[in-house]
Every structure is written in C-alpha cells, then in structure tokens.
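What follows is a set of notes on a single structure, which appears directly below.
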Amino acid sequence: MATGHDAGSGMLPGQDYRRLQAQSLADPEQFWLDAAAAVDWTTPPTVALDGSDALLPRWFPDASLNTSYNALDRHVEAGRGGQAALVYDSAMLGTTRTLTYAELRDEVAVFAGALARLGVGKGDRVLVYLPMIPEAAVAMLACARIGAIHSVVFGGFAAAELAARIRDARPSAVVTADGGIEPTRRVEYLPAVQEALALADSTGTPVVVKARDGFGHGVAAYREPGTRWLDWDEAVAAAEAVPPVPVAATDPLYILYTSGTTGSPKGVVRDNGGHAVALTWSMRAIFGVGPGDTMLTASDVGWVVGHSYIVYGPLLAGATTVLYEGKPVGTPDAGTFGRLIEQHHARVLFTAPTALRAVRRADPAGAAVQAHDLSSLETLFSAGERLDTGTSAWIGDVLGVPVVDNWWQTETGWPICANPRGLGGVPLKAGSPSLPSPGYDVVILDPGGAPVPAGTEGSIALRLPLPPGTLTTLWGSDDRYREAYLSDVPGFYTSGDSGYLDEDGYLFVMGRTDDVINIAGHRLSTGAIEQVIAQHPVVAECAVLGLPDPVKGQRASGYVVLKAGAAIDPASLEAELVAMVRRSIGPVADFRSAVVVEALPKTRSGKILRKTMRQMAAGTAYAVPSTIEDPAVLAALEPLLRPVAGG
Ligand code: COA
Ligand code: AMP
1297 MATGHDAGSG MLPGQDYRRL QAQSLADPEQ FWLDAAAAVD WTTPPTVALD
1347 GSDALLPRWF PDASLNTSYN ALDRHVEAGR GGQAALVYDS AMLGTTRTLT
1397 YAELRDEVAV FAGALARLGV GKGDRVLVYL PMIPEAAVAM LACARIGAIH
1447 SVVFGGFAAA ELAARIRDAR PSAVVTADGG IEPTRRVEYL PAVQEALALA
1497 DSTGTPVVVK ARDGFGHGVA AYREPGTRWL DWDEAVAAAE AVPPVPVAAT
1547 DPLYILYTSG TTGSPKGVVR DNGGHAVALT WSMRAIFGVG PGDTMLTASD
1597 VGWVVGHSYI VYGPLLAGAT TVLYEGKPVG TPDAGTFGRL IEQHHARVLF
1647 TAPTALRAVR RADPAGAAVQ AHDLSSLETL FSAGERLDTG TSAWIGDVLG
1697 VPVVDNWWQT ETGWPICANP RGLGGVPLKA GSPSLPSPGY DVVILDPGGA
1747 PVPAGTEGSI ALRLPLPPGT LTTLWGSDDR YREAYLSDVP GFYTSGDSGY
1797 LDEDGYLFVM GRTDDVINIA GHRLSTGAIE QVIAQHPVVA ECAVLGLPDP
1847 VKGQRASGYV VLKAGAAIDP ASLEAELVAM VRRSIGPVAD FRSAVVVEAL
1897 PKTRSGKILR KTMRQMAAGT AYAVPSTIED PAVLAALEPL LRPVAGG
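First residue of the sequence shown: 1297, per my numbering; consecutive thereafter.
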C-alpha cells in the first residue's frame, strides 16, 4: 500500500499486528502515550491512564487540547489549507461543493462565534438535527471549537425521540435545517423541532436554522413570543470567528444517543483526548488513510460511523472526506458508489452491508458500479451489522478490492475488531471481522462469566479498561453505565453481542443477546416500539421481534394480544399501529407489520419469552424453558414466526 502517512507516531504500515496488539495489552500506558504523539496538545499528556476508578477510567488526565484545532487549524498551519477537507456530494440535488481546510476552518470558526453569541460555552450541550449537508460537520466542529458538547440526532427520528434527547441533554441551543431530502419526499424538520421543544418544555431554547431551497415557510413562521428562532446565514453574518479553546482531554466532546433494551435511549459520552488519539490511530493503522487521501463513508452523521469516519477521523488525519447525501440505489441508480469513487478518487469506501445488498439486488452483475473507473479504490470497509459471506464475496469481485468487515458499536467509537490494513493487514477469513484492534482484549464468556474455549459461542465481552476513544459514561448517569455494561461480570464490559473466537483468535459475531435490533444498519430497540404499541387502546400486551430480512438484515414485527371484548379489524389495527410507531419513533423504525395473536408465550411468573420467540423467528435451535406457562401458546405461534424466505 502507498503510505501517505506522517512520521512521528511510530505506527508505520507493515509493522507486525500481533506484536502491537500484545504491546497494547501488556503496556497500555506506553502504547497510548506513543500514539498520543500524533495529536497536537495545548498541554501534552505525561500520563495515559488514570485508572483510580477501575470502572470509569480517564484517558490522558493531565492533558488539554482542542479537537477542532486538530481537525482543521493544524493542517492549515502545516501548509495544507488549500487541500480539500470536505467534498459535499448531493445525489439528491445533483451538486457538489468542495471546502478546503482553510475554508472549512473559517466556516467553523465563524459558526462557533455565532454559537458563542447565543451564550453557548464550554460544557453546554448543543442538539444538532441536520441532514447530510456540510453544515452538519460545521456545527459539530464549531461545538468542539468552543468546548460545547454536541448531540447529533438522525433525521429519520420523529419529534418524540428528539424530545427525549432534549429532556436528557438539556441543550443550550438547537442547530437544524429546513429539512432533509428523501427520494420520494422532502422531510420537513422544523415542525418536528417545534413539537419536540414543546414536549420537552424548552420552547425558549435558541434554534438556528439553515435555509434550504424548496422547503416550507422558513424560520420566520416559527418566531413566536417566547421563542428564539434564528436564520443560520444571519447568525453567521453577525458573528466573528473565534479561536479554538483548550479543553481537558477528559472533557466530553459529544453525546450520541443509541438504542438500549428499554424505550429510553442511552447517551453515550465521548471525551476529547482519548477520542482524538484513538481515531487518529485508527485512521492510519486500520483504514490506511493519511493526509491527502480521500475517504468516502456512505453513512449518516446521525450514527457513530458518521461521527467517526465522515467527520472526525478523516479530518484528524488530514484526509479528504466525502459527505454524501443520497442512497446507494435509486439516486439515480445502483452505480452511485462507482460514480462517487471515480469522481472523488476515493481510496477507501466505508458503508453498511445493507447498502451493498441493496446494490446487489438492483444490479446483480455489478455492471453499473463497474462502468466507472475504480482504480483509486484500495479497500472497502463494512460495518454496522453482520456482513454475510455471499455479499462480501460479490462486492469484492465487483470492486476488485479487499472487503474488510469491522465490528464495533456506538459505545466504542472505533473498530473493536478489524483487519488492520494500515499495518499491512492480516489474512482475511470469510464471515469474520478479523482480529481485535490493539487496545481491545476480546473475551468470550459463558452465562456464568467464565471464559469459553475457542470455537464455543458465548457473550462477547471486553476486558477493562477499555482503550481510549470508547465511551466514558452515559450522560447524566454513571450508575446506568455501570449497570448496563459493567455489572454482568466484574472486570468486563458486556457488548450485548454473542459470538465466538476461532483457534487463530478471529472473531465471529452471531447476533445480539438482548432486544436491540438492526434494521438497514440502524440500531433500534424493540422495547421502544413495544412501548408505542402498548399505548393503543385495544392492545392488552405485545412483543416486537426482529425478523430476518434479505436486504435490511432485520425488520421489526409486532405480535399483539387484544383486550378482552375489543373488536377491531386486524388490518385497520395494523395500519394504526404502523402510523403510531412512525409518528412516535420515526420512519427509521421501518415498522410495517403487526399481527393479532391469541396469546404470547410466558413463564409461569408472567415474563414474555421473547428470547425463545426470537430464536424461533431466526430459525436457530431453541429450547422451550421449563418455566413456560403453556407450551401450546408457543406451538400456536410457530407458524407465524417461522423465517419467511424472500421477506
Ligand atoms: N430522514 C428522514 N427519513 C429517513 C431518513 C432520514 N435521514 N433516512 C431514512 N428515512 C426514511 C425513509 O425515507 C423511509 O421512509 P418511508 O417509509 O416513507 O419510505 C424509511 O425511513 C425507511 O428507510 P430505509 O430503512 O433507509 O429504507 P429504504 O427502503 O428507503 O432504503 C436502503 C433502503 C438499503 C437503500 C437504505 O436503508 C440504506 O441506504 N441503508 C444504509 C444505511 C446506513 O448507511 N447506515 C449507517 C450504518 S453504518
Ligand atoms: P451501532 O451502535 O448502531 O453501531 O450498532 C452496534 C451493533 O451493530 C453491534 O453491537 C452489533 O450487534 C452490530 N454490528 C455492528 N457491526 C457489526 C459487524 N461488523 N458484524 C456484526 N454485527 C455488527
């Protein structure tokens, strides 16, 4: 591989992965202090890890830095201000716009000034609800510049989900746009923001709105007594550029809410210092991307992949990032990824398996992608859900490059397991996201918390401490963090996934152990959908399961028991429930099916046997628990749950 890397960190391609991995676990202190040399600090760290609280370790406790300085200013100061930092490519509008490092720094500095004029300062939260437009990256980096904490919310979530995040994070400002563009419709954001602020009793919060052509009435329609709605361009025109402020490495950079097993989302907190070090390291060692290279991550800034590898990772590395507004198919066709690779000379494409399956379904021969010059591409990275071997082999043939599956989570912020391409790589194994990244000690545990032998499936756990860049806590609740992730087996972080390690240490991820499901690479909670369905007046109880889906990986399906005496046509009920979920959670839940059943299988203590239903639906072996109340209920459900071919 060409290198394109700076000297200085000691992490050069070709170094032996296993040696680095062993070093990172034997002496994490030295390993991460070495890696920290690739970051510019206002006060450099003398210590890597403060482990005085074993459950809540703090990385680089005596250091300070500014993340936006590291992502922007230092590249300009190094003489690369004219290099493209961000290329906005909108398949929805048919336009592209390139911002150089100098231009992006200037836009960020002025927008940071606009936020400061609204009274936003260090430690304040800013909710960012923006589609895939450059302003999303500008808003995030502007928060980082003034030490504010951004909380980005994906545009496919509805007002109630926005409100839940506003209630939890208590933002000092909201940054949004008129709306997003989906292939079949325009999604108006402002009514949702207005409703969410009202639901969260926060109507006085300042709202900055980026105007986009073709949308509703603009910001003026929302200006009512007691509200503060501002136009982005006007706010910027009245503001002055501000310099980056130093923050403690341990200060939060962002909160990113993700689905847990309950209806209330978990606010994953990421710090500044550990994040900058880990992402910078991952860009070199895992992705093999350095200054001047182009990274095309087809995801959304609302997800962790977007945070890490559309915005922060490529910019920290001095690379060019492509911010793509569009879909993998239909905007206009299945050749879009090929067009993007050719037009922007992408070295790396990173996307989710569902996007690859969508391309394959639309163009089984891959001809539309291959019609483009793909010669710049070196690697395809895939994450967000399990990459099936058929799709992996197919896309590898179409693109003619290695396909690197990588496994991680919102919580970890960067790959737990991946093939370290920047270190020269390791042999690929079909169906595996390869080996643990340096810093991660992956262990498979049995239900009693004991490690299992190679080849045996169990709960995938990470030995503490987690490396830099991983979550430091859940917003506002260290207790919830400890309880949700650290209390199952002392000394380990529980990932929520199950899988096994083979005799060579390669991980195979089999699926979730909890009620989190993954629809088209989007993480959702069945519990949250159940909460919405349970509010329907005729519903006595319900269970929502993730059923296998050939393109989206999973789809949510509801099983509903009616209240005694309730009379409703099942089709009308289904339509009402679908509308309720869409309204409460958003179109992203993609909830389309609700079936009325006589009863749900339960234990004698009244607990619904969701796990057994899930196993039945997934077509995997299942044992009927001895505590089951009435086995006939499960038997009656079986035909409804059996995997449906072709979905
Ligand atoms: N804002 C508002 N609505 C959105 C949205 C957004 N940002 N993203 C999706 N939606 C809506 C869609 O319009 C659709 O609405 P509809 O029910 O009115 O049709 C609904 O949410 C479901 O969307 P989606 O799951 O994306 O299905 P799709 O059939 O429109 O597209 C794919 C299928 C595979 C092309 C698409 O899911 C995709 O590109 N997936 C990749 C996801 C990804 O990159 N994930 C990141 C994880 S790394
Ligand atoms: P998210 O936090 O939205 O990134 O979702 C994380 C979850 O997605 C993980 O816990 C897994 O269940 C799943 N996931 C992500 N990447 C992979 C992968 N490469 N293989 C299998 N599952 C994955």
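Glycine included, every Cβ here is placed at the ideal spot set by N, Cα and C. All values derive from a computational prediction rather than experimental measurement.
Ignore the nearest five residues each way along the sequence and tell me which others in residue i's own chain have a CB closer than 7 Å to its CB.
{"i": "Ala-1342", "result": "The sequence given here has Thr at residue 1342, not Ala. Taken in chain order, the residues that qualify are Asp-1358."}
{"i": "Arg-1759", "result": "Asp-1737, Val-1739, Gly-1787 and Phe-1788"}
{"i": "Gly-1347", "result": "Pro-1353 and Pro-1761"}
{"i": "Tyr-1918", "result": "Thr-1908, Gln-1911 and Met-1912"}
{"i": "Gly-1598", "result": "Val-1448, Val-1449, Phe-1450 and Gly-1451"}
{"i": "Ile-1606", "result": "Thr-1593, Ser-1595, Val-1597, Thr-1617 and Leu-1619"}
Pick out whichever of the options has its Cα sitting closest to the Cα of residue i.
{"i": "Gly-1718", "options": "Gly-1563, Gly-1801, Arg-1635 and Phe-1583", "result": "Phe-1583"}
{"i": "Thr-1543", "options": "Leu-1361, Arg-1643 and Ala-1387", "result": "A small correction: the amino acid at residue 1543 is Val; Thr does not occupy that position in the sequence shown. For Val-1543, the nearest C-alpha among the options comes from Leu-1361."}
{"i": "Gly-1415", "options": "Ala-1531, Thr-1822 and Val-1874", "result": "Ala-1531"}
{"i": "Ala-1663", "options": "Thr-1685, Phe-1633 and Ala-1444", "result": "Phe-1633"}
{"i": "Val-1424", "options": "Ile-1825, Glu-1373, Leu-1905 and Trp-1528", "result": "Trp-1528"}
{"i": "Gly-1510", "options": "Leu-1803, Tyr-1397, Asp-1589 and Leu-1389", "result": "Leu-1389"}
{"i": "Ala-1387", "options": "Leu-1619, Ala-1440 and Thr-1916", "result": "Leu-1619"}
{"i": "Thr-1617", "options": "Gly-1854, Val-1383, Lys-1506 and Ile-1864", "result": "Val-1383"}
{"i": "Gln-1831", "options": "Trp-1704, Ala-1537, Leu-1869 and Ile-1904", "result": "Leu-1869"}
{"i": "Ala-1456", "options": "Met-1591, Asp-1474 and Tyr-1485", "result": "Tyr-1485"}
{"i": "Leu-1695", "options": "Ala-1863, Glu-1638, Pro-1921 and Thr-1338", "result": "Glu-1638"}
{"i": "Ala-1862", "options": "Glu-1837, Val-1877 and Gly-1854", "result": "Glu-1837"}
{"i": "Tyr-1855", "options": "Tyr-1553, Arg-1643, Ala-1867 and Ala-1839", "result": "Ala-1839"}
{"i": "Gln-1827", "options": "Ile-1881, His-1818 and Ala-1780", "result": "Ile-1881"}
{"i": "Gly-1709", "options": "Leu-1936, Thr-1576, Glu-1934 and Ala-1816", "result": "Thr-1576"}
{"i": "Ala-1780", "options": "Leu-1873, Glu-1872 and Ser-1560", "result": "Ser-1560"}
{"i": "Leu-1724", "options": "Asp-1330, Asn-1702, Glu-1707 and Pro-1734", "result": "Asn-1702"}
{"i": "Ala-1871", "options": "Leu-1636, His-1446 and Phe-1887", "result": "Phe-1887"}
{"i": "Pro-1866", "options": "Asp-1845, Val-1834 and Leu-1841", "result": "Val-1834"}
{"i": "Val-1335", "options": "Pro-1844, Val-1700, Asp-1669 and Val-1573", "result": "Val-1573"}
Given this structure, state the Cα-to-Cα distance separating residue i from residue j, to the nearest angstrom.
{"i": "Leu-1683", "j": "Lys-1848", "result": "11 Å"}
{"i": "Ala-1661", "j": "Ile-1829", "result": "41 Å"}
{"i": "Pro-1587", "j": "Leu-1612", "result": "9 Å"}
{"i": "Val-1893", "j": "Arg-1906", "result": "15 Å"}
{"i": "Met-1944", "j": "Ser-1821", "result": "Since the displayed the chain opens at 1297 and closes at 1943, residue 1944 lies outside it and no answer follows."}
{"i": "Pro-1698", "j": "Glu-1491", "result": "46 Å"}
{"i": "Gly-1823", "j": "Val-1541", "result": "41 Å"}
{"i": "Leu-1368", "j": "Arg-1413", "result": "22 Å"}
{"i": "Gly-1500", "j": "Ser-1604", "result": "31 Å"}
{"i": "Phe-1453", "j": "Arg-1482", "result": "14 Å"}
{"i": "Thr-1685", "j": "Arg-1580", "result": "26 Å"}
{"i": "Arg-1778", "j": "Ala-1746", "result": "20 Å"}
{"i": "Ser-1794", "j": "Val-1538", "result": "47 Å"}
{"i": "Glu-1707", "j": "Gly-1817", "result": "15 Å"}
{"i": "Ile-1551", "j": "Ser-1773", "result": "12 Å"}
{"i": "Ala-1344", "j": "Asp-1330", "result": "9 Å"}
{"i": "Val-1422", "j": "Ala-1408", "result": "11 Å"}
{"i": "Val-1891", "j": "Leu-1936", "result": "9 Å"}
{"i": "Val-1489", "j": "Leu-1458", "result": "7 Å"}
Leaving out five residues before and five after residue i in sequence, what residues of the same chain have Cβ atoms less than 8 Å from its Cβ?
{"i": "Pro-1624", "result": "Ala-1594, Ala-1630, Thr-1632, Phe-1633, Thr-1647, Ala-1651, Leu-1652, Ala-1654 and Val-1655"}
{"i": "Thr-1923", "result": "Thr-1899, Arg-1900 and Ser-1901"}
{"i": "Arg-1519", "result": "Trp-1525"}
{"i": "Arg-1799", "result": "Strictly speaking, residue 1799 in this sequence is Glu, with Arg absent from that position. The residues are Ala-1750 and Gly-1751."}
{"i": "Pro-1479", "result": "Met-1388, Lys-1623, Gly-1626 and Thr-1627"}
{"i": "Ala-1895", "result": "Val-1857, Asp-1926, Val-1929 and Ala-1932"}
So, for residue i: in the same chain, excluding its five sequence neighbours on each side, which residues have a beta-carbon less than 6 Å away from its beta-carbon?
{"i": "Asn-1814", "result": "Glu-1681, Gly-1849 and Gln-1850"}
{"i": "Gly-1721", "result": "Asn-1715"}
{"i": "Ala-1932", "result": "none"}
{"i": "Phe-1356", "result": "Pro-1341, Ala-1545 and Gly-1569"}
{"i": "Ser-1468", "result": "Val-1416 and Asp-1420"}
{"i": "His-1371", "result": "Tyr-1397 and Gly-1614"}
{"i": "His-1641", "result": "Thr-1590 and Ser-1672"}
{"i": "Gly-1476", "result": "Pro-1427, Gly-1451 and Val-1483"}
{"i": "Val-1748", "result": "Ile-1740, Asp-1742 and Gly-1754"}
{"i": "Arg-1776", "result": "Leu-1770"}
Counting contacts by CB-CB distance shorter than 8 Å, is residue i in contact with chain B?
{"i": "Gly-1614", "result": "Any reference to chain B falls outside this structure, which holds one protein chain only."}
Next item on the list: Would you check if the segment 1558-1578 and the segment 1760-1773 touch, i.e. whether three or more CB-CB distances between them fall below 8 Å?
Entry: yes
Notebook entry, point to check: Does the count of Cβ pairs from the segment 1682-1695 and the segment 1647-1658 closer than 8 Å reach three?
Noted result: yes
Next item on the list: Tell me, please, whether the segment 1500-1519 touches the segment 1544-1558 by the rule of three or more beta-carbon pairs shorter than 8 Å.
Entry: no
Margin query: Pairs of beta-carbons, one from the segment 1433-1443 and one from the segment 1391-1405, closer than 8 Å: are there three or more?
Written below: yes
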